[in-house]
Amino acid sequence: MIERVINILLVEDDEVDVMNVKRAFKKVNITNPIYLASNGLEALAMLRSNEDQSPCLPTERRLVLLDLNMPKMNGIEFLQELRSDPNLCTTPVVVMTTSNQDQDRVQAYNLNVAGYILKPLTFNKFVDTMSTLNKYWILCELP
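Residues in the sequence shown are numbered from 1 upward in steps of one, following full-length UniProt numbering.
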């Protein structure tokens, strides 16, 4: 089986969570490239391209790991904008948040997220979560 790279856009404003994702990836040998955006507006700018400029991350095999609680444009607002853009609407998104609110979960799934993960409280649980997510990507074999 050929391992194919998945380009991960991590949309997260908390530097500790960004560090934890990177550390967890390293610990379970996830070598996919990680691109960072600190809010929804920045993430959309990175995903979009125009004739004058190439996108900040490759246009193929993308996956967005999305926090919900962010400044400027939160995760739900980002999802609404993403899903209304004909060029980006099929981009797979996994929400990774501290929000255990049913309303957030329902809104996210109504906007066709591939998953909704609560951020674990301990690093070891976080590592387990990232390992499971990696297995899920491999099983789904994103196009």
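Every residue gets a Cβ at the ideal spot worked out from N, C-alpha and C, and that includes glycine.
Taking the alpha-carbon of residue i as reference, which of the options has the nearest alpha-carbon?
i	options	result
residue 43	63, 27, 111	63
residue 36	76, 26, 14, 89	14
residue 41	60, 76, 125, 112	76
residue 39	67, 100, 88	67
residue 33	103, 61, 12, 17	61
residue 137	94, 27, 48, 121	94
residue 19	92, 126, 85, 103	126
residue 108	123, 130, 82	82
residue 22	139, 135, 123	123
residue 17	135, 130, 139	130
Mapping the DSSP letters down to three states, classify residue i as helix, strand or coil.
i	result
residue 48	coil
residue 125	helix
residue 28	coil
residue 5	coil
residue 132	helix
residue 36	strand
residue 12	coil
Who pairs with residue i in a beta bridge, going by DSSP?
i	result
residue 82	Answer is none; residue 82 lacks a bridge partner.
residue 114	Answer is none; residue 114 lacks a bridge partner.
residue 96	117
residue 62	7
Would you say the beta carbon of residue i comes nearer than 6 Å to a heavy atom of the ligand GDP?
i	result
residue 61	Ligands displayed in this structure: none; no statement on the ligand GDP is therefore possible.
Using 8 Å for Cβ pairs, my map puts residue i next to residue j. What's the rounded Cβ distance?
i	j	result
residue 65	residue 30	With 8 Å as the limit, residue 65 and residue 30 do not qualify as a contact, their Cβ atoms being about 11 Å apart.
residue 73	residue 57	So it is not a contact: roughly 18 Å between Cβ atoms.
residue 79	residue 97	At roughly 12 Å, the Cβ-Cβ gap does not stay under 8 Å, so residue 79 and residue 97 are not in contact.
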